[in-house]
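Written below as structure tokens is the structure these notes are about.
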Amino acid sequence: MTAADHDPPVLPPGLRERVLAASLRARDAGRPVPDAPEISAVEAFSRAASAFYAVLCFLGDDHWRTPVLRDLDVQGLVGHLIGVEHDVHRALAGDPDVADANHVESTQAAAVGQAAHPPARTRAEWRRAADRTLDLVRARESADSQAQGARVALYGMRLPASTLLVVRAFELWTHENDIRRAVGWEASVPDPSTLRLMTDLAARLLPQAGAGLPEPVDVRLVLTGPGGGTWDVTVGGSPPARTARTARTAETARTAGTAGTAISIVTDAVGFCRLAANRIAPAELDVNVTGDPGRAAAVLAAATTLALD
Amino acid sequence: MIATLSQVCLDAPVVDRAVTRHCPATVTRASVRGVGGTDAVLAARLAAGDDHALTEVFDALAYSVYGSALRVLGDDSAAQDVVQDVFVELWSHPDRYDPVAGTLRTYLTMLARHRAVDLVRSELRRLARQERTYRLTPAPASAGVGDEVLAAETAGLVRAAVQSLPASQRQVVELAYFEGLTCREVASAVGIPEGTAKSRLRLALAKLETVLDRQLLEPS
Chain W
-4 MTAADHDPPV LPPGLRERVL AASLRARDAG RPVPDAPEIS AVEAFSRAAS
46 AFYAVLCFLG DDHWRTPVLR DLDVQGLVGH LIGVEHDVHR ALAGDPDVAD
96 ANHVESTQAA AVGQAAHPPA RTRAEWRRAA DRTLDLVRAR ESADSQAQGA
146 RVALYGMRLP ASTLLVVRAF ELWTHENDIR RAVGWEASVP DPSTLRLMTD
196 LAARLLPQAG AGLPEPVDVR LVLTGPGGGT WDVTVGGSPP ARTARTARTA
246 ETARTAGTAG TAISIVTDAV GFCRLAANRI APAELDVNVT GDPGRAAAVL
296 AAATTLALD
Chain Z
9 MIATLSQVCL DAPVVDRAVT RHCPATVTRA SVRGVGGTDA VLAARLAAGD
59 DHALTEVFDA LAYSVYGSAL RVLGDDSAAQ DVVQDVFVEL WSHPDRYDPV
109 AGTLRTYLTM LARHRAVDLV RSELRRLARQ ERTYRLTPAP ASAGVGDEVL
159 AAETAGLVRA AVQSLPASQR QVVELAYFEG LTCREVASAV GIPEGTAKSR
209 LRLALAKLET VLDRQLLEPS
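Sequences listed follow chains W and Z, in order. Counted the way the numbering used here counts, the first sequence spans residues -4 to 304. Counted the way the numbering used here counts, the second sequence spans residues 9 to 228.
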């Protein structure tokens, strides 16, 4: 047999299935390459807090008066975050008053009150509050397993403490970049391990965000670059929330999908986090969509509602 | 702060489900930050763990990969093994493909060709060892006549093919494969630079591949 006999070649039967199965045995679907080292939520929050504090340390006195978000200047925004940390402390202690409090209203007094203080005092106060959050969560982690598994009730959310810390890391990164933008500095990107926790959080919340969509849509969300990954999410319809990390084996990959329409959204991990933080609009996101673009646009618009601001 | 409507439960068990439908080929917008063309997008998707991208690449390029391997090997079963190696490599290490350096098709077919040539070389070495053993070891009394004939035929084919090489190439092949010298030792024995020894070996192997007309690579 010569090469000319095989032009064009015909694939032998079964080769496709055999090759795809062997590939998925070599590497699970959904797992990014290179994979970011896994870190705890405490570590993610600690890193985000360090990055935020570093920005505060580099601000000049005039920067603290720069308008940044809503009616807040930089100092007011840091005051808002001090208020959030205090609410987190109360939530960790089981205080019901913060369970369904409004995120902005509850912290407004702390935000406005900082105007009377020098920036260095605001900065130090925020650092102490963030450190206190870390101390409380670490103490909770070293407590009995029942306390570890209990949910924390804050701002209408009911979350395990570890998830709450990822939410908080997300918030700190978002506001760090609010400040950077306000004072004309370049945007920052979380380290891949922290970003991976953030993208996973945003992907898992997507079904909640899109619960109002009239028809269910199977979404394959592919977030590229460091901290990315692949998720299969069902958005909309009833019941609304289904999220799965992409199938880990060839066998589970053959499991049937359930929703009526399938779309694929490919975008970069950091961009998607900015979208979920409502810092960019869907039209500003570089994205590849396969399937119905209208449904994809609706899903991306829903993602922006994840932010509380 | 990122949050959601209310009563969020994020520690619920993950639903083990996946979308099975293959995505339609139409891409409505073709730009992902930091990457340019379709191959770059595919590479980014592969790196993100999107197994649909692997399926798409297989369906688009497996024929070329298979054909590339088959042209070198001339053997269907070995070519299939190469196809599997190539796609497992792509899926396991998608970051080794650089979209700036060339197309995914070129990368995969080159990978297939390299794997196939490696197989040929490996097979030639095995045959050379077999031939050497045949020459040096008296045939056991119990060996069947058929086995002896087959082994003699194989060895004869290899010897004839080597004899057909130009003298300079024949010399390095005999030293490397029949006397077991390393490339450096071959270079020293012949009195040529190591790079020259390597290039002569490469040329010799390419010629042997043709001269033997792939007969030796047919599965026994």
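Beta carbons are placed, not taken as given, at the ideal position from N, Cα and C, and that holds for glycine. Quantities reported herein were computed from a predicted structural model and do not represent experimental measurements.
Rounded separation between residue i and residue j - CA only
| i | j | result |
| --- | --- | --- |
| Leu127 (chain Z) | Leu301 (chain W) | 54 angstroms |
| Ala175 (chain Z) | Ala48 (chain Z) | 48 angstroms |
| Ala110 (chain W) | Glu166 (chain W) | 22 angstroms |
| Lys215 (chain Z) | Thr141 (chain Z) | 24 angstroms |
| Pro288 (chain W) | Pro202 (chain W) | 18 angstroms |
| Ala115 (chain W) | Leu54 (chain W) | 10 angstroms |
| Phe267 (chain W) | Ala164 (chain W) | 16 angstroms |
| Val79 (chain W) | Ala119 (chain W) | 15 angstroms |
| Thr189 (chain W) | Arg137 (chain Z) | 54 angstroms |
| Ser100 (chain Z) | Arg269 (chain W) | 29 angstroms |
| Ala291 (chain W) | Ser259 (chain W) | 8 angstroms |
| Val284 (chain W) | Leu78 (chain Z) | 36 angstroms |
| Pro7 (chain W) | Tyr74 (chain Z) | 10 angstroms |
| Thr225 (chain W) | Ser41 (chain W) | 26 angstroms |
| Ser18 (chain W) | Thr262 (chain W) | 24 angstroms |
| Thr102 (chain W) | Leu216 (chain W) | 34 angstroms |
| Ser130 (chain Z) | Ala205 (chain Z) | 18 angstroms |
| Ala124 (chain Z) | Gly82 (chain Z) | 10 angstroms |
| Leu119 (chain Z) | Gly57 (chain Z) | 21 angstroms |
| Thr46 (chain Z) | Gly108 (chain W) | 53 angstroms |
| Leu69 (chain Z) | Ala197 (chain W) | 34 angstroms |
| Val214 (chain W) | Met193 (chain W) | 18 angstroms |
| Pro62 (chain W) | Glu210 (chain W) | 41 angstroms |
| Leu62 (chain Z) | Leu15 (chain W) | 8 angstroms |
| Val24 (chain W) | Ala106 (chain W) | Per the sequence shown, the amino acid found at residue 24 (chain W) is Ala instead of Val. One C-alpha to the other measures close to 45 angstroms. |
| Ala184 (chain Z) | Pro185 (chain W) | 54 angstroms |
| Glu12 (chain W) | Ser196 (chain Z) | 49 angstroms |
Buried versus exposed call for residue i [16 or more other C-beta atoms within 10 Å across all chains shown]
| i | result |
| --- | --- |
| Glu181 (chain W) | exposed |
| Glu139 (chain Z) | buried |
| Ser157 (chain W) | buried |
| Glu279 (chain W) | exposed |
| Ala134 (chain W) | exposed |
| Gln92 (chain Z) | buried |
| Gln171 (chain Z) | exposed |
| Pro187 (chain W) | buried |
| Glu64 (chain Z) | buried |
| Val43 (chain Z) | Caution is warranted here: a pLDDT of 38 is assigned to Val43 (chain Z), below 50, making its placement in the model unreliable, and no coordinate value can be reported. |
| Ala86 (chain W) | buried |
| Gly199 (chain Z) | exposed |
| Ala168 (chain Z) | exposed |
| Ala21 (chain W) | exposed |
Proximal residues to residue i (C-beta, below 7 angstroms), its chain only, five neighbours per side dropped
| i | result |
| --- | --- |
| His58 (chain W) | Val69, Val178 |
| Ala212 (chain Z) | Leu173, Gln177, Val180, Val181 |
| Val50 (chain W) | Glu171, Ile174, Arg175 |
| Asp103 (chain Z) | Ala55 |
| Thr117 (chain Z) | Ser72, Val73, Ser76 |
| Thr117 (chain W) | Gln70, Val73, Gly74, Gln109 |
Same chain, Cβ closer than 8 angstroms to residue i, neighbours up to 5 away in sequence not counted
| i | result |
| --- | --- |
| Phe66 (chain Z) | Phe95 |
| Pro91 (chain W) | Ala148 |
| Ser35 (chain W) | Ser157 |
| Arg60 (chain W) | Asp68, Val69, Gln70 |
| Gly220 (chain W) | Asp263, Ala264, Val265 |
| Leu50 (chain Z) | Ala61, Glu64, Val65, Leu112 |
For residue i, the residue or residues it bridges with in DSSP
| i | result |
| --- | --- |
| Arg146 (chain W) | W:Pro155 |
| Leu129 (chain W) | None, per the DSSP bridge assignment. |
| Pro62 (chain W) | W:Asp68 |
| Thr219 (chain W) | W:Asp263 |
| Ala298 (chain W) | Note: Ala298 (chain W) sits in no beta bridge, so no partner. |
| Ala257 (chain W) | W:Asp213 |
Cβ shell of residue i (< 6 angstroms), same chain only, five flanking positions each side left out
| i | result |
| --- | --- |
| Ala272 (chain W) | Thr169, Ala302 |
| Val83 (chain W) | Thr128 |
| Arg192 (chain Z) | Glu202 |
| Ala296 (chain W) | Pro277 |
| Arg122 (chain W) | Tyr48 |
| Arg191 (chain W) | Ala31, Gly222 |
Q: For the stretch 261 to 273 of chain W, enumerate the residues whose C-beta is nearer than 7 angstroms to any C-beta of chain Z, in chain order.
A: Val261, Thr262, Asp263, Gly266, Ala271, Ala272
Q. Using a beta-carbon distance cut-off of less than 7 angstroms, what residues from the stretch 62 to 91 of chain Z approach chain W?
A. Leu62, Thr63, Phe66, Ala70, Tyr71, Tyr74, Gly75, Leu78, Arg79, Gly82, Asp84, Gln88, Val91
**Q.** Cβ-based contacts, 9 angstroms cut-off: residues of the stretch 183 to 211 of chain Z near chain W
**A.** none
Q: Check distances from the C-beta atoms of the stretch 119 to 135 of chain W to those of chain Z and list, in chain order, the residues that come in under 9 angstroms.
A: none
Q. If contact means a Cβ-Cβ distance below 8 angstroms, which residues of the stretch 23 to 49 of chain W contact chain Z?
A. Asp23, Ala24, Gly25, Arg26, Pro27, Val28, Pro29
Q.
What are the residues in the stretch 67 to 95 of chain W lying within 9 angstroms of chain Z by C-beta distance?
A. Val79, Asp95
Q | Residues of the stretch 113 to 141 of chain Z whose Cβ lies closer than 8 angstroms to any Cβ of chain W, in chain order | A | none
Q) What residues from the stretch 208 to 228 of chain W come within 9 angstroms of chain Z, judged by C-beta to C-beta, listed N to C? A) Asp213, Val214, Arg215, Val217, Leu218, Thr219, Gly220, Gly223, Gly224, Thr225, Asp227
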